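Take a look at the structure below.
Here's what the structure looks like:
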């Protein structure tokens, strides 16, 4: 009987490991031969998704950096969590999309029967800036499967403290990282931001990275943090502020898009390739408003 149980368990694990990747939703770069594969920045070679699972199985902490509006990134995240869970229990899922004040709502739902999506989002006080259609399946998984679903972001009131306090320390940035983040902040505001706003926004960026790092460091392990790609990058984000007292630095997996340059080991440990989304001019509306 014990042998039969063992065989059945091994067979079940094999089925779980063989799970195919979700069908692609994005359409650009579908002819890329490395679509769905993972670039190991240290070994300089391509891995299949199961090799990524194997590489992460024994890692206590992982950062999964995403493009927030990319549907395939979120589907790959859920696939990865399910594959890891099939081989060992997941301690925690940590999410940038949840603010610290939402933890009581999360805890009240953890491990309980969950309502339908509209009610679940309402009970969590889900922030409308995050597309529930993309994040709902991940949140639901985090409430049901791992030991904890944990918030990682600062509340608006906390953010405003850093925004208004010019004495907040941003000395944790090397000059190159600071210059790159300032460039990103300006570009993300379509070059329309007042120069005086850049320093406060950089303080907020550092404060959020520190909070997310603390949330990941104190989470039950193995823990996986879902955050934006810039927050995940080793040269710009959370790993840059990682305290050695928290233990080994997290492994960084960046979800990328076909046609994009491959980051090197200074940015990430692994890069997972999904199709690209069609280019959009997100600044057109802002420029038109500024000119009117």
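Residue numbers (mature numbering (1 follows the signal peptide of the UniProt record, and there is no 0)): -18 to -1, 1 to 274. Built from N, CA and C at the ideal position, the CB exists for glycine as well. For clarity, every value in this text was computed on a predicted model and none was experimentally measured.
query                                                                                                                                                                                    : result
Who does residue 28 pair with in a DSSP beta bridge?                                                                                                                                     : 21
Helix or strand or just coil, what does DSSP make of residue 186?                                                                                                                        : helix
Whole-angstrom Cβ separation of residue 63 and residue 218, contact assumed at under 8 Å?                                                                                                : Incorrect: roughly 25 Å between the Cβ atoms, too far for contact.
Could you say if the region 230 to 243 and the region 48 to 66 meet the contact criterion of at least three C-beta pairs nearer than 8 Å?                                                : yes
Since residue 194 contacts residue 220 with CB under 8 Å, what's their CB separation in whole angstroms?                                                                                 : 5 Å
For the beta strand (DSSP E) containing residue 216, list its first residue and its last residue.                                                                                        : Looking at the DSSP string, residue 216 is not in any beta strand (DSSP E), and its letter there is neither H nor E.
Looking at the structure shown, is residue -15 part of a helix, part of a strand, or coil, going by DSSP?                                                                                : Its pLDDT being 43, under 50, residue -15 is placed unreliably in this model, and the value from its coordinates should be taken loosely. Three-state result, residue -15: helix.
Rounded to whole angstroms, what's the CA-CA distance from residue 76 to residue 185? Just pull it up for me.                                                                            : 22 Å
Assign residue 259 to one of three DSSP states: helix, strand, or coil.                                                                                                                  : coil
Nearest to residue 138 by alpha carbon, out of 163, 263, 111?                                                                                                                            : 111
Under 8 Å by Cβ, that's how I've got residue 244 and residue 21 pegged, so tell me the actual separation to the nearest angstrom.                                                        : 5 Å
Can you give me the Cβ contacts of residue 30 inside the same chain, cut-off strictly under 7 Å, excluding the 5 residues immediately before and after it?                               : 19
Which word fits residue 78, buried or exposed, when buried means at least 16 other C-beta atoms lie within 10 angstroms of its C-beta?                                                   : buried
Taking contact to mean at least 3 C-beta pairs separated by less than 8 Å, is the region 53 to 69 in contact with the region 98 to 111?                                                  : no
Do residue 5 and residue 65 have their C-beta atoms within less than 8 Å of each other?                                                                                                  : no
Within 7 Å: the Cβ of residue 245 and any heavy atom of the ligand SAM?                                                                                                                  : The ligand content of the structure shown is nil, which means the ligand SAM is not present either.
Here's the rule I'm using: 16 or more other beta-carbon atoms within 10 Å means buried, otherwise exposed. How should residue 187 be labelled?                                           : buried
Pull the bridge partners of residue 44 from the DSSP assignment, please.                                                                                                                 : 206, 233
What are the boundary residues of the beta strand (DSSP E) that residue 76 is part of?                                                                                                   : 74 to 81
According to DSSP, is residue 134 part of a helix, a strand, or is it coil?                                                                                                              : strand
What whole-angstrom Cβ distance do residue 127 and residue 72 have, given they're in contact under 8 Å?                                                                                  : 6 Å
Would you call the region 84 to 94 and the region 252 to 269 touching, i.e. three or more CB-CB distances under 8 Å?                                                                     : no
Apply the 10 Å Cβ neighbour rule to residue 142 and answer buried if 16 or more other Cβ atoms are within range, or exposed otherwise.                                                   : exposed
Could you name the residues of the same chain whose beta carbon sits closer than 6 Å to that of residue -3, not counting the 5 residues immediately before and after it, in chain order? : In this prediction, residue -3 has a pLDDT of 46, which is less than 50 and means its spatial position is unreliable; nothing more can be read from the coordinates.
So which of 199, 213, 241 has the shortest CA-CA distance to residue 227?                                                                                                                : 199
Within its chain, find whatever has a CB closer than 8 Å to the CB of residue 96; leave out the 5 residues flanking it on each side and keep chain order.                                : 102, 122, 125, 126
Since residue 254 sits in a beta bridge, which residues does DSSP pair it with?                                                                                                          : 20, 237
Report the rounded CA-to-CA distance for residue 24 versus residue 38, giving the unit in angstroms.                                                                                     : 15 Å
Quick one: residues in its chain with C-beta nearer than 6 Å to the C-beta of residue 289, no 5 flanking neighbours on either side, listed in chain order?                               : A question about residue 289 goes unanswered here, because the residues of the chain that appear run from -18 up to 274.
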